[in-house]
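One structure below.
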Amino acid sequence: MNRIIYVIALTILISACSSKPKGPVHTPPSSVEAISSWETSGRVGIRTADDAVSGNFNWQKTPNTFSLKVVGPFGQGATTLTQNNNSLVTLSYDGKQVTGSSPAELLEQELGWGFPVEDVDYWIRGLISPHSNAEVKTDSATLRPQQITQNGWLITYTNFTEVDGLYLPQKMQVQNPPYRINLIINQWTVR
Numbered sequence: 653m654n655r656i657i658y659v660i661a662l663t664i665l666i667s668a669c670s671s672k673p674k675g676p677v678h679t680p681p682s683s684v685e686a687i688s689s690w691e692t693s694g695r696v697g698i699r700t701a702d703d704a705v706s707g708n709f710n711w712q713k714t715p716n717t718f719s720l721k722v723v724g725p726f727g728q729g730a731t732t733l734t735q736n737n738n739s740l741v742t743l744s745y746d747g748k749q750v751t752g753s754s755p756a757e758l759l760e761q762e763l764g765w766g767f768p769v770e771d772v773d774y775w776i777r778g779l780i781s782p783h784s785n786a787e788v789k790t791d792s793a794t795l796r797p798q799q800i801t802q803n804g805w806l807i808t809y810t811n812f813t814e815v816d817g818l819y820l821p822q823k824m825q826v827q828n829p830p831y832r833i834n835l836i837i838n839q840w841t842v843r
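Quick note: to get this note's numbering, add 652 to the position in the sequence shown (first position is 1).
Spelled out as structure tokens, the structure:
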């Protein structure tokens with residue numbers, strides 16, 4: 653009987669050890685401002701003066717790098733914008749690949765889109781960009797932003813979601829006519 657109890661206890665101990673998480677354990681950031689890296693994905697709708705595009709997006713961001721991929725319906729029309737550790741920016745679209753030092757300049761030069769990627773790093777988290785002055789309207793009950801006006805852009809937040817105790821945008825619109833970008837964020841991972 654003691655042998656059976658010993659085998660059961662050993663089995664439980666071994667199974668408990670095998671379910672231990674692998675890899676580094678990350679402590680959640682203490683505030684939205686403290687988020688240093690993230691991954692987010694969802695749906696995007698982009699309207700310009702000449703075009704309207706919709707699809708899915710995935711954005712991975714670290715302090716020095718990022719990868720933003722937008723894929724049209726049925727996997728068509730993939731556009732990828734990346735920045736590596738050496739600050740080299742690469743834009744890939746329609747079988748073409750170009751490099752430069754500024755994501756906003758590459759988008760303007762290649763696609764005709766005037767889109768402030770550096771500011772969007774902040775806006776997607778519900779923050780103002782520290783690069784210029786901004787006006788913010790907040791919800792009096794939650795103190796979360798409802799609108800940010802910055803550099804001629806109007807950012808409107810319609811829904812937030814809780815991630816590791818922090819509230820991050822789930823639905824937002826970024827516009828500066830003729831540009832309008834709608835984001836519906838399905839997933840956030842923060843570090």
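Beta carbons are placed, not taken as given, at the ideal position from N, Cα and C, and that holds for glycine. Everything numeric in this text was worked out from a predicted model, so none of it was measured.
In this model, valine 723 and tyrosine 745 are separated by some 10 Å (Cα to Cα). For leucine 779, there is no enclosing beta strand (DSSP E), as DSSP marks it with neither H nor E. Judged by DSSP in its simplified three-state form, leucine 743 adopts strand. Each residue's CA atom was taken as its position, placing alanine 704 and isoleucine 836 some 16 Å apart. The Cβ atoms of tyrosine 809 and glutamine 799 sit closer than 9 Å to each other.
Shown here, glutamine 761 sits in a helix according to DSSP, grouped into three states. Between tryptophan 711 and asparagine 828, the alpha-carbon positions lie close to 21 Å from each other. Glutamine 825 is positioned such that its CB atom lies no closer than 9 Å to that of glycine 694. Exposed is the label assigned to leucine 795, since fewer than 16 other Cβ atoms lie within 10 Å of its Cβ. Beta-bridge partners assigned by DSSP to isoleucine 698: Val705, Ile833. According to the DSSP assignment, isoleucine 807 belongs to the beta strand (DSSP E) that extends over 805-815. Put simply, the backbone Cα of serine 739 is about 10 Å away from that of proline 755. DSSP places glycine 727 within a helical segment (H, G or I) once states are collapsed to three. Closest option to arginine 777, judged by alpha-carbon separation, among Thr742, Glu814, Glu760, Ser792: Glu814. Taking C-beta separations shorter than 6 Å and ignoring five residues to either side along the sequence, the partners of serine 688 in its chain run Pro715, following chain order.
Counting along the chain, the unbroken beta strand (DSSP E) around isoleucine 800 starts and ends at 797-802. From the listed residues Asp791, Arg832, Gly817, the smallest Cα separation to serine 683 is found for Gly817.
Assignment of proline 755 by DSSP, reduced to helix, strand and coil, places it in the helix class.
Take lysine 823, set aside five residues on each side of it, and the residues of its chain with a beta-carbon closer than 6 Å to its own are Thr810, Asn811, Ile836, in chain order.
Around the beta carbon of aspartate 771, 16 or more other beta carbons lie within 10 angstroms, which makes this residue buried.
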